[in-house]
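Working notes, beginning with the structure itself.
Residue numbers (the working numbering): 48 to 360.
Listed below in structure tokens is the structure:
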């Protein structure tokens, strides 16, 4: 694995850089991507962010200060993308041409010439912050807001067990640079649309327990999404619902997709590994948060998940 100083030196030699996010982009992949884009543009590089799937409106502020630049790409960097399949609609075009990978998933499977994967980091945005220091780039308000968004969203506003003393020290330094941190917390963790609340109401009606109450499962269907008039960009955050229940060690959230699959998000408490659970279905992630995709109808997929959960618990 290449160190961050070397990563920075390589980027200083490159230009016309595209930065890839993962599909269904969240705060970490977007915050990391736009922070890196701002960093590169600040040293005279041409750079742009390439997303996959609809991006929630609440993340629009991350683009502040980013110049819209046209160029023929010469170098490709992926951020917070753990596997080629997570590139979504961009997989076919980019899977074989990623030059550099920056991530924090220990299960990273991106084949890049240059890789930096820090599984101890709470978020990829932590690595971007350290890269900014390694490249001796002055941290601006906009960069700090992007990085803060990435770290805060991947730590549940510093509530999850992946939060470390280093995470909090970095957050403190970011807060000293951007006065926007409080508003970011409000937008990321408190404000919800009426449509999102309507969907959550329906989701709570799907809640069921298994494994003696140690596992809780919820789901959304395409019909529920249509009824709530909500798009994929507003589905983020549902996965935390099952884990919040007292006594639940494994929280499972199923989301029906148009291609006949279910996107499964798993959150765990205590010593239970969400990553180990998802590996059973070809997925992966972190100990406390992981995911996978399963083909099948609602009842079949639900049965498979609950059976595996009880075997594990």
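The C-beta atom is built at its ideal place from N, Cα and C for all residues, glycine as well.
Taken through DSSP and simplified to helix, strand or coil, residue 309 comes out as strand.
Bounds of the beta strand (DSSP E) holding residue 95 are 94–99. The Cβ atoms of residue 195 and residue 221 sit closer than 9 Å to each other. For residue 262, the enclosing beta strand (DSSP E) covers residues 262–267. Here the stretch 240–252 does not lie against the stretch 187–203, with fewer than 3 beta-carbon pairs under 8 Å apart. A distance below 8 Å between beta-carbons, with the five flanking residues on each side excluded, links residue 157 to the following residues of its chain, in chain order: 125, 128, 129, 130, 131, 145, 148, 150.
A straight-line Cα-Cα distance of about 13 Å links residue 89 and residue 115. Collapsing the DSSP output to three states places residue 321 in a helix. Per DSSP, reduced to three states, the secondary structure at residue 298 is strand.
Counting only runs of at least 4 residues, the stretch 137–204 fully encloses the following alpha helix (DSSP H) elements, listed from N- to C-terminal order: 138–141, 171–181, 188–201. Spatial neighbours of residue 172 in its own chain (CB-CB distance under 6 Å, excluding positions within 5 residues in sequence) are listed in chain order as 75, 78, 79, 194, 197, 198. Under DSSP, the beta-bridge partners assigned to residue 64 are 94, 122. Following the DSSP letters along the chain, one finds residue 71 in no alpha helix (DSSP H), marked with neither H nor E.
The Cβ-Cβ distance between residue 343 and residue 330 does not fall below 9 Å. From the listed residues 67, 113, 118, the smallest Cα separation to residue 99 is found for 67. Nearest neighbour of residue 106 by Cα position, chosen from 280, 359, 296, 262, turns out to be 280. A straight line joining the alpha-carbon of residue 245 with that of residue 254 spans about 15 Å.
Counting C-beta atoms within 10 angstroms of its own C-beta, residue 272 has 16 or more neighbours from the protein chains shown and is therefore classed as buried.
Scanning 86, 302, 230 for the CA closest to the CA of residue 285 turns up 302. For the stretch 212–257, the continuous beta strand (DSSP E) assignments of 3+ residues that do not extend past its boundaries occur at 255–257, in sequence order.
In the three-state scheme derived from DSSP, where H, G and I count as helix and E and B as strand, residue 315 is classed as strand.
Under DSSP, the beta-bridge partners assigned to residue 341 are 309. DSSP places residue 336 within a strand segment (E or B) once states are collapsed to three.
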